[in-house]
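Protein chains in written order, with the working numbering: chain G, 33 to 206; chain A, 518 to 697.
The structure under discussion appears below in the form of structure tokens.
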Amino acid sequence: MSKQWYMLTVVGEDRPGIVARVTTALFEGGCNLGEASMMRLGGNFTIMLMVELEGSDGELRKLLEPAARSLNLHIHIDGIKGRLHRHLEPDVSITVYGADRAGIVARVTGVLADAGLHVLELDSDVAGSRETPIYVMHIEGHAGEGIDALRSALKLIERDGIEVNLQPVDTMVG
Amino acid sequence: MVVLEIFTYPDERLKQISQPVQRVDDALRTFIAELEQTMRHSPGGVGIAAPQVGRFQRIVIVDVSAKPKIANHGRMILVNPEILSWEGMVKGREGCMSVPDYTGNVMRAERVTVSALDEQGEPREYHCEGYEARAIQHEIDHLDGLLFLDRLVSRRTDLFRRKNYGEKKRRRGEGGATPR
Ligand SMILES: [Zn+2]
Numbered sequence: 033m034s035k036q037w038y039m040l041t042v043v044g045e046d047r048p049g050i051v052a053r054v055t056t057a058l059f060e061g062g063c064n065l066g067e068a069s070m071m072r073l074g075g076n077f078t079i080m081l082m083v084e085l086e087g088s089d090g091e092l093r094k095l096l097e098p099a100a101r102s103l104n105l106h107i108h109i110d111g112i113k114g115r116l117h118r119h120l121e122p123d124v125s126i127t128v129y130g131a132d133r134a135g136i137v138a139r140v141t142g143v144l145a146d147a148g149l150h151v152l153e154l155d156s157d158v159a160g161s162r163e164t165p166i167y168v169m170h171i172e173g174h175a176g177e178g179i180d181a182l183r184s185a186l187k188l189i190e191r192d193g194i195e196v197n198l199q200p201v202d203t204m205v206g
Numbered sequence: 518m519v520v521l522e523i524f525t526y527p528d529e530r531l532k533q534i535s536q537p538v539q540r541v542d543d544a545l546r547t548f549i550a551e552l553e554q555t556m557r558h559s560p561g562g563v564g565i566a567a568p569q570v571g572r573f574q575r576i577v578i579v580d581v582s583a584k585p586k587i588a589n590h591g592r593m594i595l596v597n598p599e600i601l602s603w604e605g606m607v608k609g610r611e612g613c614m615s616v617p618d619y620t621g622n623v624m625r626a627e628r629v630t631v632s633a634l635d636e637q638g639e640p641r642e643y644h645c646e647g648y649e650a651r652a653i654q655h656e657i658d659h660l661d662g663l664l665f666l667d668r669l670v671s672r673r674t675d676l677f678r679r680k681n682y683g684e685k686k687r688r689r690g691e692g693g694a695t696p697r
């Protein structure tokens with residue numbers, strides 16, 4: 033069997049040391065790690081991790097079993113076509129915040145998608161207090177139809193009382 | 518046209534500290550011309566430092582004039598550059614010819630005053646801002662064996678820069694603002 037990339041998703045109750053346990057098990061099992069994104073979301077540990085292995089998804093699952101059992105982690109594995117060195121450069125950074133309300137994410141991302149935005153990274157948070165939560169979202173993306181198209185689209189959102197900051201990202205290469 | 522080979526990390530030589538230029542002469546100007554051709558050969562390259570091509574002397578070139586709508590001094594040859602003053606800090610995205618296939622966010626001074634010799638050996642002083650100031654700081658770092666990788670910040674840093682500077686809020690301690 034030749035080497036194959038998998039997308040490994042691990043979710044569980046957060047506690048210190050999970051990353052170390054999971055990645056040690058992968059290393060000892062002969063896996064190669066690629067790009068990864070780890071976040072604590074609502075007190076949960078979450079990670080999505082590219083793992084390369086000369087073996088099946090079943091073998092990968094087996095490598096992780098001891099750690100998963102002792103830390104009570106949920107594991108999901110997909111074979112993927114993707115590979116390393118396929119980065120897309122963001123050319124725009126957008127921050128959105130406002131009073132939390134139903135549909136805010138769909139509204140904002142819908143308007144931006146219509147204006148040509150390809151989202152490359154997105155993180156969002158609900159902060160503020162329990163009584164008056166605020167929503168904060170940060171997007172990095174590629175403006176397929178140009179920055180001005182996004183700027184005009186965002187005017188629609190600002191009319192709804194949502195604060196929006198758009199900054200072009202002009203990567204300096206030297 | 519001469520295109521010099523650009524060292525790429527993890528080549529340890531990129532971590533070497535470069536020495537001041539003692540004499541600006543024809544030999545140095547020949548090298549500077551080759552260094553400039555190498556920079557211009559690289560797509561999107563707006564700056565280069567001598568140690569990137571294995572010459573450990575304090576020479577950098579910056580030219581951001583091809584970028585639309587930004588303040589710039591055109592083609593700048595900076596021999597023995599020194600940053601005399603810094604003002605303001607701002608986050609921006611950087612890449613490097615010596616670090617292919619990676620870009621990241623770095624905090625830099627928004628305005629700098631730089632002294633240097635030009636390619637005739639004459640002392641000059643420049644007040645630079647924004648993108649040009651960023652390029653100069655990135656290149657001078659190379660002279661001190663530093664890469665932008667040494668200065669990476671989280672993508673969440675400085676979330677509300679500029680427009681809402683005064684309103685910038687501290688995030689709560691819990692809730693995972695810190696990436697692992
Ligand atoms: Zn560089």
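All C-beta atoms in this analysis are idealised placements derived from N, C-alpha and C, irrespective of residue type, glycine included.
Quick caveat: nothing in here was measured; it's all calculated off a predicted structure.
Name the one or two DSSP bridge partners that residue i has.
i        : result
A:PRO560 : Answer by DSSP bridge pairing: none, since A:PRO560 is not bridged.
G:ARG47  : None; G:ARG47 has no bridge partner.
A:CYS613 : A:VAL616
G:MET82  : G:MET39
G:LEU58  : DSSP output for G:LEU58 lists no bridge partner at all.
G:ARG72  : G:PHE77
G:GLU195 : G:TYR129
G:LEU65  : G:VAL83
A:ARG626 : The identity of residue 626 of chain A in the sequence shown is Ala, whereas the question assumes Arg. BP columns for A:ALA626 point to A:MET606.
G:VAL205 : A:GLY562, A:GLY612
G:MET169 : G:VAL128, G:SER156
G:GLY176 : In the DSSP output, where bridge partners are listed per residue, G:GLY176 has none listed.
Can you give the beta carbon distance from residue i to residue j, rounded, assuming they're within the 8 Å contact cut?
i        : j        : result
A:SER559 : A:MET593 : The Cβ separation is near 17 Å, so there is no contact.
G:ALA2   : G:ALA147 : Coverage of chain G is limited to positions 33 through 206, which leaves residue 2 of chain G absent and any answer about it impossible.
A:GLU636 : A:ARG572 : Not a contact, Cβ separation roughly 15 Å.
A:ILE600 : A:ILE657 : 6 Å
A:TYR648 : A:HIS590 : Not confirmed; about 12 Å, so no contact.
A:ILE587 : A:VAL581 : 6 Å
G:ILE109 : G:LEU92  : 6 Å
A:GLY638 : A:VAL541 : 4 Å
G:TYR129 : G:ILE166 : 6 Å
Quick one, which of the options has its alpha-carbon nearest residue i's?
i        : options                                : result
G:GLY66  : G:LEU116, G:SER156, G:LEU188, G:ALA145 : G:LEU116
G:GLU153 : G:THR141, G:GLU163, G:GLU172           : G:GLU172
G:GLU121 : A:GLN539, A:LEU666, A:GLU611           : A:GLU611
A:VAL629 : A:PRO617, A:VAL623, A:GLU636, A:SER602 : A:SER602
A:ALA556 : A:SER671, A:ILE565, A:LEU634, A:ILE549 : Residue identity check: residue 556 of chain A is Met in the sequence provided, not Ala. When each option's Cα is compared against that of A:MET556, the closest is A:ILE565.
G:GLY75  : G:VAL43, G:GLY61, G:LEU85              : G:VAL43
A:GLY605 : A:ARG625, A:VAL596, A:VAL631           : A:ARG625
A:LEU660 : A:ASP528, A:GLN536, A:MET518           : A:GLN536
A:TYR619 : G:GLU45, G:MET39, G:GLN36, G:THR203    : G:THR203
G:PRO98  : G:ALA57, G:ILE189, G:PRO165, G:SER161  : G:ALA57
G:GLY160 : G:ILE136, G:ASP132, G:ARG53, G:GLU45   : G:ASP132
G:MET70  : G:MET82, G:ASP110, G:LEU149            : G:MET82
A:PHE524 : A:PRO617, A:VAL607, A:VAL581           : A:PRO617
G:THR141 : G:ALA175, G:ILE112, G:HIS119, G:ARG118 : G:ALA175
A:ARG530 : A:GLY662, A:LEU669, A:ARG668           : A:GLY662
G:ASN197 : G:LEU186, G:SER88, G:LEU103, G:PHE77   : G:LEU186
G:GLU84  : G:PRO200, G:TRP37, G:LEU144, G:ARG139  : G:TRP37
G:VAL201 : G:ILE126, G:PHE59, G:GLY61             : G:ILE126
G:SER184 : G:ILE166, G:VAL128, G:ARG162, G:LEU144 : G:LEU144
G:GLY114 : G:VAL124, G:LEU40, G:GLU163            : G:LEU40
G:ILE136 : G:VAL54, G:LYS35, G:ASP192             : G:ASP192
Let me know if residue i comes out buried or exposed under the rule of 16 or more other beta-carbons within 10 Å of its beta-carbon.
i        : result
A:ARG703 : Because chain A in this structure spans residues 518 to 697, residue 703 of chain A falls outside the shown range and cannot be described.
A:GLN569 : buried
G:ARG47  : exposed
G:MET169 : buried
G:ASP157 : buried
A:ALA583 : exposed
A:GLN539 : exposed
G:ILE50  : buried
A:VAL520 : exposed
A:GLN654 : buried
A:PRO598 : buried
A:PHE665 : buried
A:VAL563 : buried
G:ALA52  : exposed
G:GLY206 : buried
G:ASN104 : exposed
G:SER102 : exposed
A:ALA652 : buried
G:GLY62  : exposed
A:GLY609 : buried
- Complete runs of the beta strand (DSSP E) confined to the region 628–676 of chain A [at least 3 residues]: 640–646
- Task: Please list, in chain order, all residues with a C-beta atom less than 5 Å from at least one heavy atom of ligand 2.
- Result: With respect to ligand 2, the structure offers nothing, as its ligand set consists of ligand 1.
- Query: What are the start and end residues of each continuous beta strand (DSSP E) run of 3 or more residues lying completely inside the region 89–163 of chain G, in chain order?
  - Reply: 106–111, 124–131, 149–160
- Message: If we require 4 or more residues per run, which alpha helix (DSSP H) segments fall completely within the region 523–599 of chain A?
- Response: Taken in chain order, the complete alpha helix (DSSP H) segments of 4 residues or longer contained in the region 523–599 of chain A are 543–558.
- Item | Residues from the region 105–126 of chain G in contact with chain B, defined by Cβ distance under 8 Å | This model lacks chain B altogether; the protein chains it does include are G and A.
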